[in-house]
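Chemist: Residue numbers 1 to 315, in full-length UniProt numbering, belong to the letters of the sequence shown in order.
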Amino acid sequence: MCPWVCTDKDKRHDTCLVCLFGRASVEPGATVRCADKPREIMSESCQTGWCGRNFRPRKFDDHEPIICYDSPPASKVNRSHYDNLRYECLMGDKTQDFQIPKRSAETWEMKKDDLCRITVIEGSQVGDMNFWNLHDKTERFYSGKTRQLHATHLTVYDRLWSCLPHLNPMATIVGDSLKNYGIDKDGGSVHDVIGTRCDDYTYKLITGKERRNSCHYYLTKAVEKIGMNEADVHDVWNIFMCTGFTKDSHQYFCKPSPARKGDYIEFIADMDLVVALSTCPQGDVSTPVGQLVSDDKCHPLGVEVFRRKLKTNIR
């Protein structure tokens with residue numbers, strides 16, 4: 001038998017406190033005996049208030065927040081170097097220039113030091129991006145670590161980092177026409193590394209319906225063309241997407257993208273890359289996932305890749 005003294009002298013218990021073994025009518029302050037429950041387990045459970053009958057609100061100490069990953073040296077870039085490299089690329093050769101149609105995805109390759117510019121060419125549109133090391137597809141973009149090393153939303157001079165055990169910079173952002181958006185009154189900002197990508201599995205979870213119309217699906221179909229598969233698709237960088245967390249419930253929210261025709265984001269490859277981009281079927285993401293998005297809310301995105309001219313010594 002395991003003796004337990006009721007410490008709640010203000011209430012009458014119908015059930016034997018925490019362990020709930022055996023029902024008893026217990027007077028306040030009485031000794032409760034519960035069989036088949038070891039003393040140490042009973043004591044630990046009741047101390048934590050597991051049953052809720054003897055719960056007392058707890059006061060927590062107030063502390064100032066600290067930055068967990070406070071700008072490791074590798075996350076800081078030589079800005080002059082990247083500014084110069086950007087200029088040399090834009091003044092060099094355009095090696096690729098194409099459009100990704102709405103509600104689709106494409107892949108392309110980049111050499112180290114190439115610059116990629118992605119542009120809103122018609123109406124407001126967000127995109128979901130994946131990155132892989134061209135020579136080792138197991139090294140791919142790691143949105144969570146990028147978020148830890150930089151912020152929930154990226155802008156100029158932030159870097160995109162690869163997964164463990166590699167943890168290398170894959171690309172560095174060098175241009176952002178929306179950089180002055182900052183953080184709005186609701187805590188929202190653009191170009192997030194929070195959202196994972198829309199997918200048909202979650203859509204079914206929300207609606208109970210099957211579909212094949214999501215960034216995950218588009219990215220999968222795009223990488224299958226180059227010998228990869230669904231397992232290679234990973235958490236994304238959401239370009240032009242305006243998101244944040246609600247202040248009261250800390251739920252992930254989205255707002256209509258502030259991107260307009262002519263807005264762009266630019267990055268320079270820090271290694272040889274395979275890049276994938278989907279034009280999200282949510283369009284400007286002004287509609288919650290699970291609701292119908294009209295076709296006129298979706299638009300293509302433009303992709304350009306620039307390479308600096310090789311310098312040669314003329315004798």
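Where a beta carbon is used, it is the ideal one built from N, C-alpha and C, also for glycine.
Please return the same chain residues whose Cβ sits closer than 6 angstroms to the Cβ of S278, not counting the five positions on each side in sequence.
Modeler: Cβ within range, chain order: A105, D128, C215, Y218 and L219.
Chemist: From what residue to what residue does the alpha helix (DSSP H) around Y201 run?
Modeler: Counting along the chain, the alpha helix (DSSP H) containing Y201 begins and ends at D200 to T207.
Chemist: For V233, collect the residues of the same chain with a Cβ closer than 7 angstroms to its Cβ; drop the 5 residues on either side in sequence, then sort them by chain order.
Modeler: These residues qualify, in order along the chain: N130, H216, L219, T220 and V223.
Chemist: Report yes if the CB atom of G283 is closer than 8 angstroms to the CB atom of K297, and no otherwise.
Modeler: Yes, the pair counts as a contact, with Cβ atoms nearer than the cut-off.
Chemist: List in chain order: all unbroken beta strand (DSSP E) runs of 3+ residues lying wholly within the region 127-172.
Modeler: Counting whole runs of 3 or more residues, the region 127-172 contains the beta strand (DSSP E) stretches 127-133, 136-140 and 159-161.
Chemist: I believe D176 touches T155 by the beta-carbon criterion, under 8 angstroms. Please report the beta-carbon distance rounded to the nearest angstrom.
Modeler: Confirmed, about 5 angstroms.
Chemist: Please state if the CB of F245 and the CB of C116 are separated by a distance shorter than 8 angstroms.
Modeler: For C116 and F245, no; Cβs fall outside 8 angstroms.
Chemist: Three-state secondary structure (DSSP) at S249?
Modeler: In this structure, S249 counts as coil in the three-state DSSP scheme.
Chemist: Restricting to Cα atoms, I'd like to know which of K309, R197, D158 and A259 is closest to T119.
Modeler: Selected option, being the one with the closest Cα: A259.
Chemist: Please list the terminal residues of the continuous alpha helix (DSSP H) segment that includes R79.
Modeler: Taken as a continuous stretch (DSSP letters only), the alpha helix (DSSP H) holding R79 covers R79 to L90.
Chemist: With burial defined as no fewer than 16 other Cβ atoms inside 10 Å of the residue's Cβ, what is the status of C68: buried or exposed?
Modeler: It counts as exposed.
Chemist: Nearest CA to the CA of H299: which residue from N133, I66, R103 and F98?
Modeler: Checking every option, the nearest Cα to that of H299 belongs to R103.
Chemist: From which residue to which residue does the beta strand (DSSP E) around L277 run?
Modeler: Where L277 is concerned, the enclosing beta strand (DSSP E) stretches over L273 to T279.
Chemist: Go to K179, then tell me how far its beta strand (DSSP E) extends in each direction, as first and last residue.
Modeler: Where K179 is concerned, there is no enclosing beta strand (DSSP E), given that its DSSP letter is neither H nor E.
Chemist: For S189, which beta-bridge partners are listed by DSSP?
Modeler: T243, per the DSSP bridge assignment.
Chemist: Pick from S257, P57, D235 and M271: whose alpha carbon is nearest that of R147?
Modeler: Here the closest residue by C-alpha is D235.
Chemist: Are there 16 or more other CB atoms within 10 angstroms of the CB of Q125, so buried, or fewer, so exposed?
Modeler: When all chains shown are included, Q125 counts as buried.
Chemist: Can you give the beta carbon distance from Y252 to G187, rounded, assuming they're within the 8 angstroms contact cut?
Modeler: In fact, because the Cβ distance is near 11 angstroms, the residues do not count as touching under 8 angstroms.
Chemist: By how many angstroms is the C-alpha of D158 removed from the C-alpha of N133?
Modeler: Each residue's Cα considered, the two are about 18 angstroms apart.
Chemist: On the criterion of 16 or more Cβ atoms from any shown chain inside 10 Å, does F306 qualify as buried, or is it exposed?
Modeler: Per the 10 Å Cβ criterion, buried.
Chemist: So, using beta-carbon positions, are W161 and Y142 closer together than 8 angstroms?
Modeler: Yes; because the gap between Cβ atoms is below 8 angstroms, this pair is in contact.
Chemist: Note down the Cα distance separating C242 from Q291, rounded to an integer number of angstroms.
Modeler: About 18 angstroms.
Chemist: Below 6 angstroms CB to CB, which residues in the same chain sit around C254 once its five sequence neighbours on both sides are set aside?
Modeler: These residues qualify, in order along the chain: T243 and V285.
Chemist: Within the chosen definition, does the region 161-175 reach the region 80-92 through at least 3 CB pairs nearer than 8 angstroms?
Modeler: In short, these stretches touch, since the Cβ pair count reaches three.
Chemist: Determine the closest residue to T107 out of L310, D248 and M228, with distance taken between C-alpha atoms.
Modeler: The shortest C-alpha separation from T107 is found at M228.
Chemist: Does DSSP put Y264 in a helix, in a strand, or in coil?
Modeler: If DSSP states are grouped into helix, strand and coil, Y264 belongs with the strands.
Chemist: Helix, strand or coil for E304? Go by DSSP, reduced to three states.
Modeler: Note: E304 maps to strand in three-state DSSP.
Chemist: Say yes only if the C-beta of Y142 is nearer than 7 angstroms to one or more non-hydrogen atoms of the ligand HEM, and no if none qualify.
Modeler: The ligand HEM is absent from the structure shown, which contains no ligands of any kind.
Chemist: Quick one: Cα of D114 to Cα of D270, how far?
Modeler: The straight-line gap from Cα to Cα measures roughly 8 angstroms.
Chemist: In three-state terms, what does DSSP make of L220?
Modeler: Going by the sequence as given, residue 220 is Thr instead of Leu. Reduced to three states, the DSSP call for T220 is helix.
Chemist: Looking only at its own chain, which residues have a Cβ that is under 8 angstroms from the Cβ of Q99, when we skip the five neighbours before and after it?
Modeler: For Q99, where only same-chain residues beyond five positions count, the Cβ hits under 8 angstroms are I121, P300, L301, G302 and V303.
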